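**Q** So in this note's numbering, the last spot in the sequence shown is 799, and the numbers never skip.
We put the CB at the ideal spot given by N, CA and C, even for glycine.
Just so you know, these numbers come straight off a predicted model, no measurement behind them.
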Amino acid sequence: PDVLAIKQTLYRTGADSPIVSALIKAARAGKEVTVVIELRARFDEKDNISLAAKLQEAAVHVVYGVVGYKTHAKMCLVLKREGKELRNYVHLGTGNYHPKTALLYTDYGLFSCDKDLGEDVRRVFAQLTSLGKVSKLNKLLQSPFTLHSGIIAKIEREILYAQESKPAKIIIKVNAVVEEQIIQALYRASQAGVKIQLIVRGVCCLKPGIPGVSDNIEVRSIIGRFLEHARVYAFANDGNWEVYASSGDLMNRNMFQRVEACFPIESKRLHQRILHDLDTYLSDNSQSWLLQPDGSYKQIHRKKNELAIQAQTVLIQELQS
């Protein structure tokens with residue numbers, strides 16, 4: 479009874495989505511429910527049009543995003559009354575609110591009641607639902623506004639640390655690396671001595687291991703039982719690691735043609751968990767392929783007497799224990 483409003487983005491969610499059913503139930507219980515649904519989600523257009531009509535019939539306020547930009551961010555906000563105060567609870571994710579892909583993809587999701595983060599999500603929803611002026615955000619990096627420049631700024635900061643002989647390293651896990659300016663920034667970082675490790679599931683236009691250009695860059699791909707889908711950006715930051723998770727990849731469309739949300743992982747426990755996961759992926763010697771300077775891939779083979787490490791299997795066992 480203390481929940482006053484729910485706001486949710488839906489990109490891909492399936493024809494029989496339990497989340498849609500829950501949103502309809504909430505609306506019928508008298509909650510103010512707003513859904514930003516993307517009708518142009520490739521291959522899901524028909525389902526999303528049907529879901530939009532279904533939601534509207536239940537008195538849900540349905541918005542179709544911003545003209546010219548796909549709403550690809552994965553966000554949910556719940557406004558709750560607690561005593562005399564109102565508090566925002568948010569969920570931010572790297573993957574879709576889809577019951578089938580949730581079983582097949584690896585992704586991260588963050589639940590938080592952090593005041594600044596909650597206010598950021600509220601402002602983004604206000605922007606999406608009212609087409610209002612973009613507000614300055616406290617913690618989120620949002621495309622098409624601050625995500626691209628924010629990532630480049632963090633790469634440039636690592637370059638400065640490397641030049642001062644301070645700890646400088648970048649670990650990025652994404653589905654694709656295509657955006658030219660970020661690739662050039664990573665090349666500059668490599669030349670400055672920053673160690674860069676990229677885990678890229680799909681297309682990678684960056685060429686690693688080129689003398690004088692990308693000597694300090696390693697690119698690997700993990701193939702396993704699950705499709706690697708999480709996007710993570712981690713920066714050593716002079717030993718005080720910064721970790722972000724995001725709905726967007728390093729592609730032109732994600733940076734400039736979509737609404738994306740990139741959010742900081744500030745909880746020490748979750749921060750360490752993600753860094754541990756990245757280290758596990760980088761230790762994989764059974765299902766990893768390294769990208770070569772000529773664009774080919776070579777599988778990593780474990781050395782004689784070396785323990786076999788399959789990252790996905792290790793992470794599953796840890797989560798089940």
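(1) Could you tell me which residues DSSP puts in a beta bridge with residue 764?
(2) Go through its chain and collect everything with a Cβ distance to residue 532's Cβ below 8 angstroms, but skip five positions before and after it.
(3) Distance check for residue 785 and residue 560, CA to CA, integer angstroms please.
(4) Between the segment 697-711 and the segment 505-517, do at least 3 Cβ pairs fall closer than 8 angstroms?
(5) Where does residue 680 land, buried or exposed, given buried means 16+ other C-beta within 10 angstroms?
(6) Please report how far the alpha carbon of residue 783 lies from the alpha carbon of residue 663, in whole angstroms.
(7) When the Cα atoms are used, what is the spatial distance from residue 625 to residue 733?
(8) Less than 7 angstroms separating the beta-carbons of residue 660 and residue 564?
(9) Tell me which same chain residues have a C-beta within less than 6 angstroms of the C-beta of residue 720, skipping the five on either side of it?
(10) Taking the straight line between their C-alpha atoms, what separation do you get for residue 757 and residue 541?
(11) Decide if residue 636 is buried, meaning its Cβ has at least 16 other Cβ atoms within 10 Å, or exposed.
(12) Excluding five sequence neighbours on each side, which residues of the same chain lie with their C-beta closer than 6 angstroms to the C-beta of residue 730?
(13) Is there a Cβ from chain D that is less than 7 angstroms from the Cβ of residue 518?
(14) Among residues of its own chain, excluding the 5 on either side of residue 586, which ones have a beta-carbon nearer than 6 angstroms to its beta-carbon?
(15) Just to confirm the assignment, what range does the alpha helix (DSSP H) spanning residue 639 have?
(16) Helix, strand or coil for residue 661 per DSSP?
(17) Going by DSSP in three states, residue 684 sits in which element: helix, strand or coil?
(18) Give the C-beta separation of residue 655 and residue 684 to the nearest angstrom, bearing in mind that I take them to be a contact with Cβ-Cβ under 8 angstroms.
(19) Output the distance between the C-alpha atoms of residue 579 and residue 688, rounded to the nearest integer angstrom.
(20) Identify whether residue 736 lies in helix, strand or coil by the three-state DSSP scheme.
(21) Where do the N-terminal and C-terminal ends of the beta strand (DSSP E) with residue 648 fall, by residue?
(22) Buried or exposed for residue 644, please, with buried defined as at least 16 other CB atoms from any protein chain shown within 10 angstroms of its CB.
**A** For this structure:
(1) As a working note, residue 764 is residue 286 in the sequence shown. The partner list for residue 764 (beta bridge, DSSP) is empty, contrary to what the question assumes.
(2) Numbered from its first residue, the sequence shown carries residue 532 at position 54. Closer than 8 angstroms at the Cβ level, and outside the excluded window around residue 532, lie 498, 502.
(3) Numbered from 1 along the sequence shown, position 82 holds the residue referred to as residue 560. Numbered from 1 along the sequence shown, position 307 holds the residue referred to as residue 785. Looking at the two C-alpha atoms, the distance is approximately 52 angstroms.
(4) no
(5) Taking the sequence shown and counting its residues from 1, the one referred to as residue 680 is at position 202. It counts as exposed.
(6) The residue given as residue 783 occupies position 305 in the sequence shown. The residue given as residue 663 occupies position 185 in the sequence shown. Looking at the two C-alpha atoms, the distance is approximately 39 angstroms.
(7) In the sequence shown, residue 625 corresponds to position 147, counting from 1. In the sequence shown, residue 733 corresponds to position 255, counting from 1. Their Cα atoms are separated by approximately 7 angstroms.
(8) Counted from its first residue, the sequence shown places residue 660 at position 182. Counted from its first residue, the sequence shown places residue 564 at position 86. No, the pair does not count as a contact, with Cβ atoms beyond the cut-off.
(9) Residue numbering aside, residue 720 sits at position 242 when the sequence shown is read from its first letter. So the qualifying residues of the chain are 713.
(10) On the sequence shown, residue 757 is found 279 positions in, with the first residue counted as 1. On the sequence shown, residue 541 is found 63 positions in, with the first residue counted as 1. Approximately 40 angstroms, taken between the alpha carbons.
(11) Working through the sequence shown from its first residue, we reach residue 636 at position 158. When all chains shown are included, residue 636 counts as buried.
(12) Walking along the sequence shown from the start, residue 730 turns up at place 252. If we look at residue 730 and ignore the five residues flanking it on each side, its Cβ neighbours are 657.
(13) Protein chains in the displayed structure number just one, and chain D is not present.
(14) The residue you call residue 586 lines up with position 108 of the sequence shown. Within the same chain, residue 586 has close Cβ partners 572, 708, 723.
(15) Along the sequence shown, read from residue 1 onward, the residue named residue 639 stands at position 161. Element bounds for residue 639: 625-641.
(16) Within the sequence shown, residue 661 is the residue found at index 183, counting from 1. Three-state result, residue 661: helix.
(17) Counting from 1 along the sequence shown, the entry for residue 684 is found at position 206. Coil.
(18) Taking the first residue of the sequence shown as position 1, residue 655 is located at position 177. Taking the first residue of the sequence shown as position 1, residue 684 is located at position 206. Correct: roughly 5 angstroms between the Cβ atoms.
(19) Taking the first residue of the sequence shown as position 1, residue 579 is located at position 101. Taking the first residue of the sequence shown as position 1, residue 688 is located at position 210. Cα-Cα distance, rounded: 37 angstroms.
(20) The residue given as residue 736 occupies position 258 in the sequence shown. DSSP places residue 736 in strand when its eight states are reduced to three.
(21) Counted from its first residue, the sequence shown places residue 648 at position 170. Counting along the chain, the beta strand (DSSP E) containing residue 648 begins and ends at 647-652.
(22) In the sequence shown, the residue the question calls residue 644 occupies position 166. Looking at its Cβ environment, which holds fewer than 16 other Cβ atoms inside 10 Å, residue 644 is exposed.
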